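Colleague:
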Amino acid sequence: MTAAATLPRTRLEEFLAEMLLIRRFEEKVEERFRAGDLAGFLHADIGQEAVAVGVCRALEDGDTIASTHRAHGHVIAMGTPPGEVMAELYGKVEGCSHGYGGSMHLYDVARGVLGANAVVGGGLPSAVGTALAFQLRRQPHVAVAFFGDGATNIGTFHESMNMAQLWRLPVVFVCENNRWSESTPQSQHQPIRDLTQRAVAFGMHAAHVDGQDVEAVHFAAVEALEHARSGRGPVLLVCETERLTGHYMGDAQVYRDKDELRMLRETRDPVTLLRKRLALDDERWAELDAEAQRLVDESLAFALAGADHEPSDALKFIYAEERA
Ligand SMILES: Cc1ncc(C[n+]2csc(CCOP(=O)(O)OP(=O)(O)O)c2C)c(N)n1
Ligand SMILES: [Mg+2]
21 MTAAATLPRT
31 RLEEFLAEML
41 LIRRFEEKVE
51 ERFRAGDLAG
61 FLHADIGQEA
71 VAVGVCRALE
81 DGDTIASTHR
91 AHGHVIAMGT
101 PPGEVMAELY
111 GKVEGCSHGY
121 GGSMHLYDVA
131 RGVLGANAVV
141 GGGLPSAVGT
151 ALAFQLRRQP
161 HVAVAFFGDG
171 ATNIGTFHES
181 MNMAQLWRLP
191 VVFVCENNRW
201 SESTPQSQHQ
211 PIRDLTQRAV
221 AFGMHAAHVD
231 GQDVEAVHFA
241 AVEALEHARS
251 GRGPVLLVCE
261 TERLTGHYMG
271 DAQVYRDKDE
281 LRMLRETRDP
291 VTLLRKRLAL
301 DDERWAELDA
311 EAQRLVDESL
321 AFALAGADHE
331 PSDALKFIYA
341 EERA
């Protein structure tokens with residue numbers, strides 16, 4: 021990337037529209053959760069939208085992602101219709117995982133979404149396996165794994181990094197460093213702050229980017245993907261980001277400094293930062309916001325009109341052997 025590289029304004033407006041869609045989607049999910057419609061644990065990616073959009077918009081056809089428990093934004097950024105994601109949260113047949121998965125098990129294989137993962141670090145080995153398949157089949161694709169700072173403490177992270185570098189697999193490991201693992205701050209769960217240091221042990225190429233700047237994320241992702249695609253091996257891309265909400269919906273965040281959180285919301289919100297940078301007037305902003313809201317309302321209507329499973333469907337897709 022050259023220092024002067026910039027994206028055209030129209031492209032940045034597209035990115036803003038997509039980040040806004042994810043933001044409004046998450047807010048609607050939270051509203052429906054609080055109303056008692058949605059069960060289980062739901063993790064919003066409010067504050068991390070620029071990572072999802074900046075990276076996913078850099079992918080090419082045939083590239084794949086493996087996601088985490090905080091997956092809604094990644095999947096929407098991959099092009100899965102928001103209605104199919106919402107329907108999945110409602111357990112409907114029309115959901116992207118046909119209602120069998122829910123929030124932490126979103127799949128859309130046709131669009132390259134090879135699964136969200138409730139198990140922290142679960143997506144990394146899956147991305148490495150996908151990349152090995154690409155390499156063996158001589159396909160020019162790259163597998164991306166998203167994960168958080170907490171996941172870099174997990175065995176599968178180190179095993180995946182090791183094997184990917186050893187075999188020079190086309191993988192980009194995207195760390196969303198929000199400096200929290202549930203209610204545990206980074207200072208209490210890992211001894212280093214610069215997570216690119218994790219790559220040193222494997223001799224892996226690493227890069228570092230401000231995860232609140234969607235353009236910077238995008239250029240860093242383009243560069244990392246090109247590195248991996250051209251056979252030069254995997255890349256660890258660390259995005260410094262902010263979790264501007266609770267770990268899960270309903271988390272009162274009693275463990276968090278309220279003034280700091282307020283300050284982060286005022287200064288590090290990726291949607292506001294891009295809106296300011298584009299100097300959008302109120303009218304244009306209102307237009308973009310109304311469109312995002314319309315798509316979210318439509319997604320909810322789609323989910324609510326969806327079909328519930330029959331009780332007998334519970335036995336579908338079970339691969340256990342039946343013995344007489
Ligand atoms: C193997 C495993 N250990 C613990 C958990 C419980 N858990 C769920 S999310 C989470 C925090 C993960 O932090 P991070 O990877 O930084 O992601 P973030 O939530 O910040 O996006 C933990 C510990 C889990 N789901 N899986
Ligand atoms: Mg984290």
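Start counting the sequence shown at 21; every next residue gets the next number (the numbering used here).
Beta carbons are placed, not taken as given, at the ideal position from N, Cα and C, and that holds for glycine.
Computed from a prediction, not measured in an experiment: that's the story for all the values here.
1) Cβ of Met181 within 9 Å of Cβ of Phe193?
2) Determine the direct distance from the alpha carbon of Asp302 to that of Leu151, and round the result to whole angstroms.
3) Which partner residues does Phe167 have in the DSSP bridge list?
4) Please say whether Ala138 and His125 have beta carbons closer to each other than 9 Å?
5) Taking 8 Å as the cut-off, is the C-beta of Ser117 nearer than that to any heavy atom in ligand 2?
6) Can you look up Leu186 in the DSSP assignment and give me helix, strand or coil?
7) For Thr287, which of Ala299, Gly143 and Leu264 has the nearest alpha-carbon?
8) Phe167: buried (16+ other C-beta within 10 angstroms of its C-beta) or exposed?
9) Excluding sequence positions up to five away, which residues of its chain have a Cβ less than 6 Å from the Cβ of His89?
10) Measuring only the C-alpha atoms, how far is Thr22 from Ala227?
11) Tell me whether Thr88 counts as near ligand 1, meaning its Cβ is closer than 8 Å to at least one heavy atom of that ligand.
12) Can you find the residues in the same chain that come closer than 6 Å, C-beta to C-beta, to Asp128, ignoring five residues on each side of it along the sequence?
13) Where DSSP assigns a beta bridge to Pro205, which residues make up the other side?
14) If I'm right that Ser250 touches Pro102 with Cβ under 8 Å, what's the distance once you round it to whole angstroms?
15) Does the distance from the CB of Phe35 to the CB of Val316 come in under 9 Å?
16) Using only the alpha-carbon positions, how far apart do Glu280 and Pro205 sit?
17) Ligand 2 and Asn173: does the residue's C-beta get closer than 8 Å to at least one heavy atom of that ligand?
18) Which class does Ala323 belong to by DSSP, given the choice of helix, strand or coil?
19) Taking the alpha-carbon positions, what's the Trp305 to Arg218 distance?
20) Check whether the Cβ atoms of Ala163 and Ala147 sit closer than 9 Å, and answer yes or no.
21) Classify Thr100 as helix, strand or coil using the three-state DSSP reduction.
22) Spatial neighbours of Val73 within its chain, please: CB distance less than 6 Å, with the 5 preceding and 5 following residues excluded, ordered by chain position.
23) I'd like the list of long-range same chain contacts for His94, defined as Cβ closer than 7 Å, with 5 residues on each side in sequence excluded.
24) Would you list the residues sitting across from Ile85 in a DSSP beta bridge?
25) Nearest chain B C-beta to Leu264 closer than 9 Å, yes or no?
26) Rounded C-beta distance between His118 and Val105? I'm assuming under 8 Å.
27) Taking the beta strand (DSSP E) that His228 falls in, what are its first and last residues?
28) Under 9 Å, do Ala327 and Lys112 count as touching if we go by C-beta distance?
29) Does any heavy atom of ligand 2 sit closer than 8 Å to the C-beta of Gly170?
30) Counting pairs of beta carbons, one from the segment 50-66 and one from the segment 258-273, are three or more of them closer than 8 Å?
31) Where does the unbroken beta strand (DSSP E) through Val258 begin, and where does it stop?
Modeller: By the coordinates alone:
1) yes
2) The sequence given here places Ala at residue 151; Leu does not occur at that position. C-alpha separation (whole angstroms): 45 Å.
3) Cys195
4) yes
5) no
6) helix
7) Leu264
8) buried
9) His63, Met124 and Ala138
10) Per-residue confidence for Thr22 stands at a pLDDT of 45, beneath the threshold of 50, marking its modelled position as unreliable; no derived number is given.
11) yes
12) Thr100 and Cys116
13) Trp200
14) Going by Cβ atoms, the distance from Ser250 to Pro102 rounds to 34 Å, so no, they are not a contact pair.
15) no
16) 13 Å
17) no
18) helix
19) 40 Å
20) yes
21) coil
22) Phe35, Glu38, Met39, Ala97 and Val234
23) Ala72, Cys76, Ile85, Ser87 and Phe166
24) Val133 and Val164
25) Among the chains of the structure shown, chain B does not appear; only one protein chain is present.
26) So it is not a contact: roughly 13 Å between Cβ atoms.
27) His225 to Asp230
28) yes
29) yes
30) yes
31) Val255 to Glu260
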